[in-house]
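The opening residue of the sequence shown carries number 20 in the working numbering; numbering runs sequentially from there.
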Amino acid sequence: MGGGMETNKNKFIEDWGSARENLEHNFRWTRRNFALIGIFGIALPIIVYKGIVKDFHMQDEDADLVAYDLKHHGERET
Numbered sequence: 020m021g022g023g024m025e026t027n028k029n030k031f032i033e034d035w036g037s038a039r040e041n042l043e044h045n046f047r048w049t050r051r052n053f054a055l056i057g058i059f060g061i062a063l064p065i066i067v068y069k070g071i072v073k074d075f076h077m078q079d080e081d082a083d084l085v086a087y088d089l090k091h092h093g094e095r096e097t
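In structure tokens:
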């Protein structure tokens, strides 16, 4: 009734899937990988965070609000 419908595996997709499954075994620290992790794992999140905080402070200035200081939050003045 439903015979003759076997699928043919694509060799390239199977190789890619195998490489993805074993990525942690084949990873090597190179200058390029180290730079990519430094840029996208450390520098980019810091830049995005600083931009968001700057935007919030600009909105506070536009609304004539006092800028909120996160560094000294919770400390009492003496």
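For glycine and all other residues, C-beta sits at the position ideal for the given N, C-alpha and C.
What separation, rounded to the nearest whole angstrom, lies between the Cα atoms of glutamate 79 and phenylalanine 46? It should be noted that the sequence gives aspartate, not glutamate, for residue 79. Approximately 46 Å, taken between the alpha carbons.
Taking the straight line between their C-alpha atoms, what separation do you get for glycine 57 and leucine 63? 9 Å
Separation of threonine 49 from aspartate 83, as counted between CA atoms: 50 Å
In the structure shown, what three-state DSSP assignment does glycine 60 receive? Looking at glycine 60 - three-state DSSP - the assignment turns out to be helix.
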